[in-house]
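Just below is one structure, and these are the notes that go with it.
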Amino acid sequence: MKISIWWSALPAVILSACSSVSVDSNLNPHNFSEYFKASTVETVSYADLAKQTYALLGRTHGLSCQRDSDDFPANESDARTDLKRKAADMGANALVIHKCVRAQDTGACALSVTCYGDAIYVPEEQ
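Residue numbers (mature numbering (1 follows the signal peptide of the UniProt record, and there is no 0)): -22 to -1, 1 to 104.
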């Protein structure tokens, strides 16, 4: 009998112990569109676009910068993500990446990777 009362009270004790716990996150709900903006742009080639109607919105670039030797190293993945964000800011839903260039000791960065590409808009219904 005593054991069954203890087991029935246990969930209430556990829940009340956690009631004052708060969780902090670096994700701001108001900025979700900014965080995930790069995912709205698809990387394509001009061969993929050959039989489609599209608009070239302009050239853009993305940068990954390692400011000093203690920072996380610059990498192509971050440069491509920055490139996609900038293409999305231009209204693009597709991106043709031309090349990525690695440079050392640029003045602002100990190591940098810059990717260049064309921001493209492809109408959804084709």
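Backbone N, C-alpha and C define an ideal beta-carbon position, used for all residues, glycine too.
| Query | Result |
| --- | --- |
| Report the rounded CA-to-CA distance for residue 87 versus residue 71, giving the unit in angstroms. | 30 angstroms |
| Could you tell me whether the stretch 57 to 73 touches the stretch 15 to 25, using the rule of 3 or more Cβ pairs below 8 angstroms? | yes |
| Excluding the 5 residues flanking residue 75 on each side, which residues of the same chain have their C-beta closer than 8 angstroms to its C-beta? | 21, 58, 61, 93, 94 and 95 |
| Helix, strand or coil for residue 38? Go by DSSP, reduced to three states. | strand |
| Please report the distance separating the alpha-carbon of residue 32 from that of residue 38. | 17 angstroms |
| Which residues bound the alpha helix (DSSP H) around residue 58? | 54 to 67 |
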